[in-house]
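Below: the structure, in structure tokens.
Numbering (my numbering), first residue to last: 60 to 336.
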């Protein structure tokens, strides 16, 4: 009579070498190493309703010293999954600090880009509609000192001053993208940057317009013509007067309606360099 073999106990697990932790002999440090294009659901604080649900695209990097072969890529994703999903200016700084600590790095960098929505009322009818904007939080931490940048891309209307002056019948206009990237010291709502961009265009744009609204925005743009140069200068004036903004980059791109090219202008300013801080 045959008997079944006795069960054999599994051998104890052997330790697996961490290859990335090996020393590297080339003596070349890496400025940024990490992961790109990681999509993750988040809740972003806003000025009106408290928070909104959205999907963010993350780029996360740390600096790698010359003597380390690699970094631990999975820890970046673990950090996203381990954090509360509500993101604010303050919590974004905390995530940045956690990342550098978790990866044993002196320098860390996070970029978080996401669609951001604002409920707007049409100027005459008052009908409400959502407007979407492309927004980003960009943070960098170096030797315990963090910097935070807010960025928004805002669609607006621009009307050509030259066309208005030389034409008998109206003036050509176009959609403009106004981009503001601001290094902030203290709390600042994304909506505040959006407000600045929209108020310095020829006219803002809306999701829904009734006929009375269309008349209003057309005439508003006609009465407020601006070149791309005017737009970036006017926005720069506002940024210069904002104490919470320590540095900024302002861009305007007009998608021309009578040319096969875009008109473009950029202004950047670091206030701390100006005052010698």
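Every residue gets a Cβ at the ideal spot worked out from N, C-alpha and C, and that includes glycine. All values reported here derive from a predicted model rather than from experimental measurement.
Cβ of residue i within 8 Å of Cβ of residue j?
i           : j           : result
residue 301 : residue 325 : no
residue 171 : residue 117 : yes
residue 175 : residue 233 : no
residue 331 : residue 305 : yes
residue 168 : residue 120 : yes
residue 154 : residue 101 : no
residue 250 : residue 177 : yes
residue 284 : residue 322 : no
residue 286 : residue 220 : yes
residue 187 : residue 198 : no
residue 255 : residue 267 : no
residue 184 : residue 272 : yes
residue 281 : residue 179 : no
residue 125 : residue 162 : no
residue 246 : residue 214 : no
Going by DSSP, what residues sit across from residue i in a beta bridge?
i           : result
residue 221 : Per DSSP, none; premise fails for residue 221.
residue 100 : 114
residue 312 : 236 and 323
residue 263 : 215
residue 89  : 123
residue 94  : 119
residue 82  : 127
residue 302 : Its beta-bridge partners do not exist; DSSP assigns none.
residue 105 : 109
Which residue comes first and which comes last in the alpha helix (DSSP H) that contains residue i?
i           : result
residue 295 : 287-299
residue 279 : 270-281
Can you tell me the Cβ-Cβ gap for residue i and residue j, rounded? I've got them flagged as a contact below 8 Å.
i           : j           : result
residue 164 : residue 128 : The pair is not a contact, with the Cβ atoms about 15 Å apart (cut-off 8 Å).
residue 243 : residue 303 : 5 Å
residue 173 : residue 241 : Not really, about 17 Å apart at Cβ, beyond 8 Å.
residue 259 : residue 294 : 5 Å
residue 92  : residue 123 : 5 Å
residue 307 : residue 278 : Between residue 278 and residue 307 the Cβ distance is about 31 Å, and since that is not below 8 Å, they are no contact.
residue 151 : residue 200 : Contact doesn't hold; Cβ gap of about 11 Å is too wide.
residue 106 : residue 248 : 5 Å
residue 192 : residue 253 : 6 Å
Would you say the beta carbon of residue i comes nearer than 7 Å to a heavy atom of the ligand FAD?
i           : result
residue 195 : In the structure on display, the ligand FAD does not appear, and there are no ligands present to speak of.
Counting only beta-carbon atoms, is residue i nearer than 8 Å to chain B?
i           : result
residue 318 : Included in the structure is just one protein chain, with no chain B present.
Exercise for the section: Starting from the N-terminal side, write out each stretch of the beta strand (DSSP E) that is 3 residues or longer and does not extend beyond the region 134-197. Expected result: Correct list: 166-180.
Exercise for the section: Tell me the start and end of each unbroken alpha helix (DSSP H) in the region 107-135 that is at least 4 residues and wholly inside, in chain order. Expected result: Taking only runs of at least 4 residues, no alpha helix (DSSP H) segment lies wholly in the region 107-135.
Handout entry: alpha helix (DSSP H) segments (min. 4 residues) lying fully within the region 198-257
Key = Whole alpha helix (DSSP H) segments, 4+ residues: 220-225.
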